[in-house]
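Protein chains in written order, with my numbering: chain A, 1 to 155; chain B, 156 to 310; chain C, 311 to 465; chain D, 466 to 620; chain E, 621 to 775; chain F, 776 to 930; chain G, 931 to 1085; chain H, 1086 to 1240. Using N, Cα and C, we set each Cβ at its ideal position, and we do this for glycine too.
Number of protein chains: 8
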Amino acid sequence: MAILMGSKNDWEKMKPAADVLAKLGVGTDVRVISAHRTPARHHEYVTGAEDRGIEIFICGAGMAAHLAGVTAALTPLPVLGVPLDGSAVDGLDALLATVQMPGGIPVATFAIGKAGAKNAGLFAGAILAGRDESVRKALAEFREAQTAGVPETPF
Amino acid sequence: MAILMGSKNDWEKMKPAADVLAKLGVGTDVRVISAHRTPARHHEYVTGAEDRGIEIFICGAGMAAHLAGVTAALTPLPVLGVPLDGSAVDGLDALLATVQMPGGIPVATFAIGKAGAKNAGLFAGAILAGRDESVRKALAEFREAQTAGVPETPF
Amino acid sequence: MAILMGSKNDWEKMKPAADVLAKLGVGTDVRVISAHRTPARHHEYVTGAEDRGIEIFICGAGMAAHLAGVTAALTPLPVLGVPLDGSAVDGLDALLATVQMPGGIPVATFAIGKAGAKNAGLFAGAILAGRDESVRKALAEFREAQTAGVPETPF
Amino acid sequence: MAILMGSKNDWEKMKPAADVLAKLGVGTDVRVISAHRTPARHHEYVTGAEDRGIEIFICGAGMAAHLAGVTAALTPLPVLGVPLDGSAVDGLDALLATVQMPGGIPVATFAIGKAGAKNAGLFAGAILAGRDESVRKALAEFREAQTAGVPETPF
Amino acid sequence: MAILMGSKNDWEKMKPAADVLAKLGVGTDVRVISAHRTPARHHEYVTGAEDRGIEIFICGAGMAAHLAGVTAALTPLPVLGVPLDGSAVDGLDALLATVQMPGGIPVATFAIGKAGAKNAGLFAGAILAGRDESVRKALAEFREAQTAGVPETPF
Amino acid sequence: MAILMGSKNDWEKMKPAADVLAKLGVGTDVRVISAHRTPARHHEYVTGAEDRGIEIFICGAGMAAHLAGVTAALTPLPVLGVPLDGSAVDGLDALLATVQMPGGIPVATFAIGKAGAKNAGLFAGAILAGRDESVRKALAEFREAQTAGVPETPF
Amino acid sequence: MAILMGSKNDWEKMKPAADVLAKLGVGTDVRVISAHRTPARHHEYVTGAEDRGIEIFICGAGMAAHLAGVTAALTPLPVLGVPLDGSAVDGLDALLATVQMPGGIPVATFAIGKAGAKNAGLFAGAILAGRDESVRKALAEFREAQTAGVPETPF
Amino acid sequence: MAILMGSKNDWEKMKPAADVLAKLGVGTDVRVISAHRTPARHHEYVTGAEDRGIEIFICGAGMAAHLAGVTAALTPLPVLGVPLDGSAVDGLDALLATVQMPGGIPVATFAIGKAGAKNAGLFAGAILAGRDESVRKALAEFREAQTAGVPETPF
């Protein structure tokens, strides 16, 4: 499981993805890889990932967020995109730049910012649950605990 | 593989998901299920789906598109959402209503309309490819053919 | 009168609905019920509400706000939706996810945030005023006091 | 039940409100009243409405849609607003001009255009159903028929 | 010259209109008049304004800003609208609710917030300058001083 | 009264301004002047306008509509801006480029497209009405006829 | 001068760039290269371009338009981006995905669609004009003819 | 190399353009010139710039940002536009007012705010690199250092 982000500063927003995967017992390889500033590093990491056992990519980026899209261009593995806010237009740019992929190269997109990062982690867990009984069980427990943790009233 | 849509009229836009999955050798159970007009049918279908062998849901809906979100609320299986246009605001409503899921219940969202439906199908194939060699091979062939099919010039 | 909200943190924004209904002499049953994280609790509460004397639902939720819509799917009673801000896109997601309901299942929608919560409470009062003389009188007094409370100048 | 619209041309979009109310057995008084071009007619109609037995207002208008808001300013009765498209910005102007009412004067807002008009009619029926057994029964039948009318598949 | 605003809290944003008119030697009658909460006060003030010597209205309001539009409905005098921010959607609602007036009843609209208030004041001065030599001279001086006040460099 | 537009193709959308001014008995000097393609013509026309008896400018332009703003920069006379649609983003670009003038140089902005052109004409009439009895009378008659022309029902 | 576009269908919208460059006497190498479907072709073309005499890239793409950005990541040469419409959200996605590049890797962005393609061609000419007298002369003539071609009136 | 901005307050946001050009060894002439408040100064500066050795303009402005467009109208030299935020709508107005130039007069537009200013500086460097070996070398070094400066992980 690779978690890529375009800048060191994105880590605070992407950490929920790693945290929730840790709860599901899934280890992550967390990297700063910019599609724009480090294209060679990106190419090398993504094309070699399958051989290193990477099954899923989670990519977080802001502004004209191209990281998830260009990752999906280089691999048939599932690519999950998390648009990050922080720009003048509050992440709407990153959302459209991530979700509006033309037909043929899919990116599974989640909500802008931390909520999206957490959900990308959970969704990656759901993919793994289809082939890994321990993740499936951990995910079921997570969901049950989540449901049980909702209080009856706000007082 | 379930393909759900909120209205019979959505089929024209969702068909690319079924078409691309057929090319990957994956059969689909295509249903009209409205989260709003047929909530009981929705509950019964989704909660019983795992037992009937459904591994992934692809949900297409327009306007205040709740279908993917309420499906994800009822199952830990991967749920893919396709926002459909046709409303006054051109599918921006369906996009935000699908992608902006709060943390805890993920929906993997794709582009508005037909391109998103096709990509949801391809992404579902990518999930299955992780556990099914024939899908993995078919997906690789699809990607190769797609690359080869791009002409060198537009003339 | 039920006031439902998707998260404990929504209470600060939804409280004006309860406050204004209290001024009109209308008691409220305030609950945290997430359409996504607690679907069973939601189904049980909404389908059993009429028998417990609930006449109107006020539902507040943020982001991909589905709470009002899925409540309206389960009951013919009036459902009032309050889109809550706090997301990256400032509640525009919640507004569109609440107001753009497809034809057939109505949700009466109010402004984003506290102003909308207050107005949902007043509107619920206006519905009850049609069958309850004391609410009608209290609402008339509220409106008169509100008009009288507007100062002539801003100095 | 008054159905007001700002222009004769709005009738095609507002007719679904009258149609669905007719199905529920509720008669409607349909009027062209512009908040901008006929303010005196508007004032007279709204302030005299309660005495003529009007219980609910449904107001449809486009562009800077003020009709619902200024109606709500003149009456404590429930006012339902339907934003109409047709402007350069596709009804987003009418939606925001209708739904974003400041706290104190509520307008219950529905989706842009025909879907919103139909839902405003259904919602008005839901209000009346609280005090009129025949409307309650007709509404229940409408909802049942609507659910039954959703086909299982789109083919 | 009337400066109307929908709420006492709008004064901070509308003050630049009064300030710039004072510099042009034009007195202002500043009032809090809500189109929604004080419709009778609004009707009385606007319809009687011409007799009291009011030549121009400047109306500032936020959210679903109807104040300028309903003022223009009641008077043939020039009405200037200033959309005010402060809502969840940052004044875009007030802008569209003010500027998108249907054909027949014009509102001259200015920028959102303080810049718009200042410009509405200057524009009112430009109208008066057409019939009042002292205002024309004051406006010319204001413009010259403004031009002279722009520094050559930002250091 | 000058009516300027950035392109010959804008005439169809700007004609309502000339038409309504003709009804008020006000003649217009209609010109194609592009702020971008004919800056010298623009400078010459605007700076010499007052001497030729021009009292008001109505400027229509689309996309990054600068015509009204740069006209206002060159004259203290009232400048009315009409944002024109036709671009990919439906005139939202022209609206913001016209209305969001920084403090100091005002442009009175009207709705996007034909409705805005008509209202700009009417507003120009309202300015002239303050110093010209015949325009004042014509405007009053226009408003009365407009009010009388609204039918009671849409049937 | 390379003109790249993501799909054969983009040619109709990108042709104005080639046309205007032809008028300036500048030849173009027009290619269909998708950042998503043909990443290897893209990498090879861009990294080898300087050696083949390419001095400037013009990249047109729609939806989540990454073509210009990933081209800029691979070359220090000037990259001009043209966002293309055709998506549900009318090219706003392509605009934000092209213009909102993070600091460090610049893309010079032009208007959505044909106008942007024409201007990208003109701008490329302006760059070349700095080092090529014949282009400078041709550009000056183009601008003069353009100015002369604006009619005085729209009639 | 001229760096123009509409207001002294824009300097903080435009400084990254001057900073990055300084790193490339390119001197800049930094000026406050408002298209609206100082049109004569603008005309004089731009039309005389080529004779003073200016080869490229970088123009930063907010709100209805006309500075880049009217500069491009007066010169065939490359004009780079940087939309600045700070308005109620977060720079979306400045972005559209800068990038949506009609065909014929190009403005190369960059991201909203500081990132856009930095990229405009880099892009100006890329233009100069085509004719100046020392800038070309400095730009290559900047890009290499930038790539090398991206850390492998965010921890």
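Close beta carbons around residue i, own chain, < 7 Å, minus the five adjacent residues each side
i	result
Arg351 of chain C	Ile343
Lys473 of chain D	Val497
Gly581 of chain D	Val547, Pro548, Phe575
Ala529 of chain D	Asp558, Ala562
Tyr355 of chain C	Arg341, Ile343
Gly113 of chain A	Lys13, Leu84, Asp85, Gly91
Top-ranked residue by Cα proximity to residue i, from the options
i	options	result
Ala537 of chain D	C:Asn429, C:Ala383, C:Ala374	C:Asn429
Gly435 of chain C	D:Pro543, D:Glu515, D:Thr512	D:Pro543
Leu704 of chain E	F:Gln875, F:Val925, F:Ala915	F:Gln875
Ala920 of chain F	E:Ala728, E:Thr729, E:Gln766, E:Gly724	E:Gly724
Leu1109 of chain H	H:Glu1218, H:Gly1198, H:Glu1097	H:Glu1218
Gly936 of chain G	G:Gly1060, G:Leu1004, G:Ala965, G:Ile986	G:Ala965
Ala637 of chain E	F:Trp786, F:Leu870, F:Pro881, F:Thr850	F:Pro881
Gly1060 of chain G	H:Gly1234, H:His1128, H:Glu1140, H:Lys1100	H:Glu1140
Pro696 of chain E	F:Thr922, F:Trp786, F:Ala915	F:Ala915
Assigned exposure category for residue i - 16 Cβ within 10 Å defines buried
i	result
Arg812 of chain F	buried
Thr463 of chain C	exposed
Lys912 of chain F	exposed
Ala562 of chain D	buried
Pro187 of chain A	With chain A represented from 1 up to 155, any question about residue 187 of chain A goes unanswered, as that position is not in the structure.
Phe650 of chain D	In the structure displayed, chain D extends from 466 to 620; residue 650 of chain D sits before or after that span and is not available.
Thr822 of chain F	exposed
Asp516 of chain D	exposed
Gly957 of chain G	exposed
Gly828 of chain F	exposed
Ala797 of chain F	exposed
Ala923 of chain F	exposed
Beta-carbon proximity list for residue i, same chain, < 6 Å, skipping 5 on both sides
i	result
Cys679 of chain E	Leu624, Leu687, Ala688, Thr691, Gly701
Gly706 of chain E	Gly682
Leu867 of chain F	none
Leu1058 of chain G	Val1065
Asp339 of chain C	Ala312
Leu1025 of chain G	Pro1013, Ile1042
Ala590 of chain E	Since the first residue of chain E shown is 621 and the last is 775, residue 590 of chain E is not available in this structure.
Sequence-distant residues of the same chain with beta carbon closer than 8 Å to residue i, five excluded per side
i	result
Val795 of chain F	Lys893, Gly896, Leu897, Gly900, Phe917
Ala824 of chain F	Ala777, Phe832, Thr850, Leu852
N-terminal and C-terminal residue of the beta strand (DSSP E) that residue i is part of
i	result
Ala1078 of chain G	Careful: Ala1078 of chain G lies outside any beta strand (DSSP E), inside the alpha helix (DSSP H) at 1063-1078.
Ala1087 of chain H	1087-1090
Boundaries (first-last residue) of the alpha helix (DSSP H) holding residue i
i	result
Thr1183 of chain H	1177-1184
Ala576 of chain D	Here Ala576 of chain D belongs to no alpha helix (DSSP H), and DSSP marks it neither H nor E.
Complete runs of the alpha helix (DSSP H) confined to the segment 632-707 of chain E [at least 4 residues]: 659-669, 687-694
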